[in-house]
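Novice: Dropping a structure here in structure tokens format, bear with me for questions.
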Amino acid sequence: MHAVQRLFLYRQSLSTTEFRARGYKIIRCEVCRLGVENCICALRQQANSSCAFALIMYDNEVLKPSNTGRLIADVIPDTHAFLWHRTQPSDELQQLITNPKYQAFLIFPGEYANAQQEVHECKPVDFDESKTPLFILIDATWRQAKKIFRKSDYLAKLPIVSIPALDLEGEGIKGEQGDTEELAVKERQSVDPRNSELVYNFDSRYQMRKAEKEGQLATAEVAAKVLNMFDDKQSAIHLDLWFDVFSYRYQQSKSQKNQANSGAIALYKEFIANKL
Ligand SMILES: [Zn+2]
Numbered sequence: 055m056h057a058v059q060r061l062f063l064y065r066q067s068l069s070t071t072e073f074r075a076r077g078y079k080i081i082r083c084e085v086c087r088l089g090v091e092n093c094i095c096a097l098r099q100q101a102n103s104s105c106a107f108a109l110i111m112y113d114n115e116v117l118k119p120s121n122t123g124r125l126i127a128d129v130i131p132d133t134h135a136f137l138w139h140r141t142q143p144s145d146e147l148q149q150l151i152t153n154p155k156y157q158a159f160l161i162f163p164g165e166y167a168n169a170q171q172e173v174h175e176c177k178p179v180d181f182d183e184s185k186t187p188l189f190i191l192i193d194a195t196w197r198q199a200k201k202i203f204r205k206s207d208y209l210a211k212l213p214i215v216s217i218p219a220l221d222l223e224g225e226g227i228k229g230e231q232g233d234t235e236e237l238a239v240k241e242r243q244s245v246d247p248r249n250s251e252l253v254y255n256f257d258s259r260y261q262m263r264k265a266e267k268e269g270q271l272a273t274a275e276v277a278a279k280v281l282n283m284f285d286d287k288q289s290a291i292h293l294d295l296w297f298d299v300f301s302y303r304y305q306q307s308k309s310q311k312n313q314a315n316s317g318a319i320a321l322y323k324e325f326i327a328n329k330l
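Residues 55 to 330 (my numbering) make up the sequence shown, in order.
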């Protein structure tokens, strides 16, 4: 059982009432949270990743069937997950951040950095390769993510990795009004040449919550971009393809037209077969 699944069960145990997301009547797989007839658990494979993640999840985010933080934990073995607490980070998270095995980075738009905070838009040239990059990702709506950032001193001390798509010149962050936004980001128009060997582009294929908001990335897509930035390209593609599988099957359990990639499962299987 991975960290997000454990956190899900814990958070569920705290709920006195059933969490009623849209589609709550669907009978869901307890692990992937898709409708049982669309369960993807048999397809799940871990990547052999050189990176680690720590997800800070806002309250009931982990209960949402559309949450994609869990996909990161599906693919990246060294993934940790925590509920955000207004007062202090958990001891476990604090220990992760200070563990010399790791170099922790906060994934956040660079424009929000404090004056003394380092901001990296690519892998730092002086990165100590003896360490495992630990990416701290806030898994929440955008409004909640900003609140967490503002109210968590320990995050303000961490160097930021601002993926180019998160760091918009004067564009600001889309969708600040909404309650149901993921980290709302917009793709740059130009293709980053460092990504050019990727067969699969990183355009957002996230149609689950707000199809009309072009350019928003789901948490798992942000994670894939960061993996790619830190040269873990196999894991980046793996996670992106897994996200596509989830996205396709998620939409299959809805009555709306499925806008996800119908070839997602075939692509994912092909990738896994060639990888192993
Ligand atoms: Zn399942």
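We put the beta carbon where it would ideally sit given N, CA and C, even for glycine.
Quantities reported herein were computed from a predicted structural model and do not represent experimental measurements.
Can you give me the start and stop residues for the beta strand (DSSP E) that His134 sits inside?
Specialist: Translated into positions along the sequence shown, residue 134 becomes position 80. Note, His134: beta strand (DSSP E), 133-137.
Novice: Is it true that the region 159-168 meets the region 111-126, where meeting means three or more beta-carbon pairs spaced less than 8 Å apart?
Specialist: Too few Cβ pairs lie closer than 8 Å, so no.
Novice: What residues come near ligand 1, if near means a beta carbon less than 5 Å from any of its heavy atoms?
Specialist: Here the residues come out as Cys83, Val85, Cys86, Cys93, Cys95.
Novice: On the three-state DSSP scale, how would you describe Arg60?
Specialist: As a first step, residue 60 must be located in the sequence shown, where it is residue number 6. Correct three-state label for Arg60: helix.
Novice: Would the region 274-286 and the region 85-97 be scored as touching if the rule is three or more Cβ pairs under 8 Å?
Specialist: Verdict: no, contact absent.
Novice: Answer with yes or no whether the minimum CB distance from Lys287 to chain C is below 9 Å.
Specialist: The structure shown has no chain C; it contains just one protein chain.
Novice: Just the C-alpha distance for Glu266 and Gln313, rounded to the nearest angstrom, thanks.
Specialist: If you number the sequence shown from 1, residue 266 lands on position 212. If you number the sequence shown from 1, residue 313 lands on position 259. With a pLDDT of 36 at Glu266, under the threshold of 50, the modelled position of this residue cannot be trusted; read the value that follows with caution. Their backbone Cα atoms lie some 11 Å apart in a straight line.
Novice: Out of curiosity, what's the CA-to-CA distance linking His139 and Phe203?
Specialist: If you number the sequence shown from 1, residue 139 lands on position 85. If you number the sequence shown from 1, residue 203 lands on position 149. C-alpha separation (whole angstroms): 12 Å.
Novice: Nearest-angstrom Cα distance between Ile110 and Ser307?
Specialist: Your numbering for residue 110 matches position 56 in the sequence shown. Your numbering for residue 307 matches position 253 in the sequence shown. If I take the Cα positions, the gap works out to 28 Å.
Novice: For Tyr304, which of Cys86, Ile190, Phe189 has the nearest alpha-carbon?
Specialist: In the sequence shown, the residue the question calls residue 304 occupies position 250. The residue with the shortest Cα to Cα distance from Tyr304 is Cys86.
Novice: For Ile319, does the three-state DSSP call read helix, strand or coil?
Specialist: Numbered from its first residue, the sequence shown carries residue 319 at position 265. In this structure, Ile319 counts as helix in the three-state DSSP scheme.
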